[in-house]
Ligand SMILES: Nc1ncnc2c1ncn2[C@@H]1O[C@H](COP(=O)(O)OP(=O)(O)OP(=O)(O)O)[C@@H](O)[C@H]1O
Ligand SMILES: [Mg+2]
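Chains as they are written, first to last, in the working numbering: chain A, 68 to 423; chain B, 187 to 455.
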C-alpha cells in the first residue's frame, strides 16, 4: 500500500495538450474517485499512473518514488478495465495467475493467492471456466480477482461497472466498497456515474477539460461546490441555476422575481444556485408554472418555469401537482449558493458552514 | 424447412466442384482407351496400376518429398514472419505503417510471371537454380504480403485493453505477442497456414522456372505428363489424385480450427 502524488502533471498528444497541470495528493489506503465529462482526461490520467502513457510534464509519485520512468510492471499497480480485458484463451484461474506466472512466483504461492482471491470474490466454482462462459458480473469479478492476486500497492479502476445493468451495478458497487474496506489498498477509480462517486469515494476529484475543478469529500462537493461546474456536476437532478442580480441585499431573477437571499451578498450580477431538493412548497413562495412531473418513487421531480427560466424541484411530500398547474415554492435560504456570473466561482455568504 | 433451398444450392455447388475430382479419379483407375470411350463405359475393371506406376515406377514420390520440403519451410517462414509483422502493423497506428501495408498489397497485385523472371535471374546469379532455398525464398516472398494482411485482419480484432492488461501483468513485448496476441488469433493463424500451404503446395510457375531435376515439385512433374499422348492421361490423373490427398488430410485434421477462424469471430470476450 502506498500514497500516490500527482504533481503538476501535463499530457500532450503530439502538439495537442489534453492535461494542463494536475495536482492530487492521494493518501495511503484512500478511495479516490475521478469524475468529469467525457474527454476530460480521466482515463489518460489513470493510464499515466499505470505507466501505459508517457508523462509529458510533472511527476507522479507512488510512495516516495517518482515513477515517471519506471515501467508499468515495476510500479506494482493493478488496473481493472471497463471491458474487463480478460484473456479469452485462459481459464479464470489462468487469468488470475498470469501476472504471477510471468514473474515466476512459486506454484504453491500462486495457488494460495488465487484461492484467496477466489474466496473473497466467490469465484471458486468458476476457476476452470473460460471468460466467455461467464456472465458480465462474474467477468467483472474475475477482473478484480486478477488485480487482487497481485497484492498491488494501488488499484486503478477505469469505469469498471459501466457495462453492467443497473441492478448489478449497485451490487458490484457495494462489493468493491467492501473489498476496499477489507484490503485497504489505495484505490483510484474513474466513473462518470456521479451516484457511484458520491456513494463510494472517500474523496472525489472533479475534472474538466484536463484541469481539476475541485477535490473534496462527497459532502464537501455537495454542500460547498467551488464553482458552477462542480455544482452542476454533482447531484441529480442537477442544481438549478437562475440568472439575475443582487440589489439591496436581495436576489432578483432576470424576470424581476425576488428569491430568499443569504445575508452578506454583495451587489452585482450573479447566478443563484439551489438544489431541487432544497426547494419546498410554500403558499407565500414564488409561482412556478409546472410543465412536467416525474415521480421517481422516493420523490417527485417537478419541472417548470420560474418567469422565463427553467427550474426543477424534488418534492418529498406535499399535495400532488400536475402539469399545467401553478406551484408556489420557496428556497431554503441556508442552502442557497451564489456564483459570480462572470467567473462562475461560488461567492462567500454569511451562512455558517458555507465558508468559501 | 427454410434450409432446403440453401441445401440445394450447396449440393449443386458440391456436385460442380466434385465432378472434376470424380472424373479424375475414374480416369486414374481405367485404361486410357476406356477413359475416353464414347459413350462412356460405365462398367470396367478398376485398376490401381497407374497409381503404382506413377508414384513408384516413375519415382513421383521424390517430387512429393520436394514439394513437402519446400511447402513446410515456406509456410513456417512466411507465417512466422507474417504474424510478427502483422502484429507490429496492427499495433502501430502511424502513417508509415499503413503505407507499408498498401505497398504490400501492391506487390501482391504483380502477375507471378512478372516476378518469376527476376527471381530466375537472381537465382542464377547466386547459383541457386534447382535448390530448395531458391524455391523457399521465392514462395515466401510471393506469399508474405498475403500472410501479413490476413494475420493483421485477425489481430486487428484484439481489443487494445488486452495488450494494456498484458503490460500491467508484466509481459515483455515478446510475451505480449507470444502469450496473449498469438493464442487469441490461433484459429486465424490456422487459416493463414492453410492458405499459405495451398499456395506453396500448388505453386507451378516459379517451380517451373527455378527447379530442374533435383528439386522439381509435383505440379511441374505432373504437367510434364499429359497432353501429347493419350496413354499418359491415366498416369497424370493418378498423380493429380495423389497430390490432393495430403491437403485433404490436413484439412480434416484442422477442420475445427478452420471453421472457427473463417467465421472470423476469432476474438470474443
Ligand atoms: N491516443 C490519443 N491520441 C490523441 N488524443 C487522445 C488520445 N487518447 C486520448 N486523447 C484525447 O485526450 C482527451 C482525454 O481523453 P480521455 O480518454 O482521458 O477522456 P476520459 O475523461 O477518460 O473520457 P471518457 O469519460 O469518455 O472515457 C480527449 O480529448 C481525447 O480526445
Ligand atoms: Mg475514459
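Glycine residues also receive a C-beta, built at the ideal position from the N, C-alpha and C atoms.
On the DSSP bridge list, what partners appear for residue i?
i: residue 371 of chain A; result: A/357 and A/378
i: residue 398 of chain A; result: A/346
i: residue 72 of chain A; result: A/92 and A/128
i: residue 274 of chain A; result: A/279
i: residue 311 of chain A; result: A/320 and A/337
i: residue 86 of chain A; result: A/78
i: residue 225 of chain A; result: A/257
i: residue 362 of chain A; result: A/367
i: residue 146 of chain A; result: A/223
i: residue 294 of chain A; result: A/412
i: residue 133 of chain A; result: A/128
For residue i, which three-state DSSP category applies?
i: residue 80 of chain A; result: strand
i: residue 406 of chain A; result: strand
i: residue 213 of chain A; result: helix
i: residue 328 of chain A; result: coil
i: residue 385 of chain A; result: coil
i: residue 339 of chain A; result: strand
i: residue 99 of chain A; result: strand
i: residue 153 of chain A; result: coil
i: residue 219 of chain A; result: coil
i: residue 245 of chain B; result: coil
i: residue 453 of chain B; result: Because residue 453 of chain B carries a pLDDT of 43, less than 50, the predicted location of this residue cannot be relied on, and the following value inherits that uncertainty. DSSP places residue 453 of chain B in coil when its eight states are reduced to three.
i: residue 256 of chain A; result: strand
i: residue 160 of chain A; result: helix
i: residue 423 of chain A; result: Low confidence applies to residue 423 of chain A: its pLDDT is 47, below 50, so where it sits in the model is not reliable enough to give any reading.
i: residue 306 of chain A; result: coil
i: residue 224 of chain B; result: coil
i: residue 208 of chain A; result: helix
i: residue 344 of chain B; result: coil
i: residue 232 of chain B; result: coil
i: residue 294 of chain B; result: helix
i: residue 279 of chain B; result: coil
i: residue 170 of chain A; result: coil
i: residue 391 of chain A; result: coil
i: residue 216 of chain B; result: coil
i: residue 351 of chain A; result: strand
i: residue 118 of chain A; result: coil
i: residue 390 of chain B; result: coil
i: residue 262 of chain B; result: helix
Take residue i as the anchor and find which of the options has the nearest alpha-carbon.
i: residue 375 of chain A; options: A/211, A/355, A/247 and A/329; result: A/355
i: residue 128 of chain A; options: A/106, A/95 and A/100; result: A/95
i: residue 304 of chain B; options: B/288, B/428 and B/323; result: B/323
i: residue 333 of chain A; options: A/341, A/339, A/315 and A/228; result: A/315
i: residue 416 of chain A; options: A/179, A/107, A/237 and A/400; result: A/400
i: residue 436 of chain B; options: B/411, B/277, B/387 and B/246; result: B/387
i: residue 337 of chain A; options: A/320, A/346, A/160 and A/324; result: A/320
i: residue 399 of chain B; options: B/279, B/219, B/209 and B/316; result: B/316
i: residue 373 of chain B; options: B/341, B/393, B/345 and B/396; result: B/341
i: residue 348 of chain A; options: A/385, A/253 and A/137; result: A/385
i: residue 419 of chain B; options: B/215, B/229 and B/201; result: B/215
i: residue 99 of chain A; options: A/175, A/113 and A/397; result: A/113
i: residue 359 of chain A; options: A/346, A/391 and A/310; result: A/391
i: residue 487 of chain A; options: A/134, A/290, A/304 and A/263; result: Shown here, chain A extends from 68 to 423; a query on residue 487 of chain A therefore has no answer.
i: residue 351 of chain B; options: A/242, A/231, A/290 and A/140; result: A/140
i: residue 124 of chain A; options: A/238, A/192, A/317 and A/80; result: A/80
i: residue 256 of chain B; options: B/318, B/440 and B/347; result: B/318
i: residue 187 of chain A; options: A/287, A/202, A/244 and A/196; result: A/244
i: residue 126 of chain A; options: A/87, A/97, A/105 and A/157; result: A/87
Since I believe residue j is in contact with residue i (beta carbons under 8 Å), could you give me their beta-carbon distance rounded to a whole number of angstroms?
i: residue 300 of chain A; j: residue 261 of chain A; result: 7 Å
i: residue 368 of chain B; j: residue 375 of chain B; result: 7 Å
i: residue 343 of chain A; j: residue 307 of chain A; result: 7 Å
i: residue 402 of chain B; j: residue 252 of chain B; result: 6 Å
i: residue 155 of chain A; j: residue 370 of chain B; result: 6 Å
i: residue 275 of chain B; j: residue 286 of chain B; result: 7 Å
i: residue 407 of chain B; j: residue 249 of chain B; result: 4 Å
i: residue 115 of chain A; j: residue 78 of chain A; result: 6 Å
i: residue 268 of chain A; j: residue 285 of chain A; result: 6 Å
### Message
For the pair the region 329-347 of chain B and the region 249-266 of chain B, tell me if three or more CB-CB distances fall below 8 Å.
### Response
yes
### Message
With three or more beta-carbon pairs closer than 8 Å as the criterion, would you say the region 214-231 of chain A touches the region 130-149 of chain A?
### Response
yes
### Query
Would you call the region 205-216 of chain A and the region 150-164 of chain A touching, i.e. three or more CB-CB distances under 8 Å?
yes
### Query
Between the region 267-274 of chain A and the region 101-110 of chain A, are three or more C-beta pairs nearer than 8 Å?
yes
### Query
So does the region 195-209 of chain A actually touch the region 168-176 of chain A, counting three or more Cβ pairs closer than 8 Å?
no
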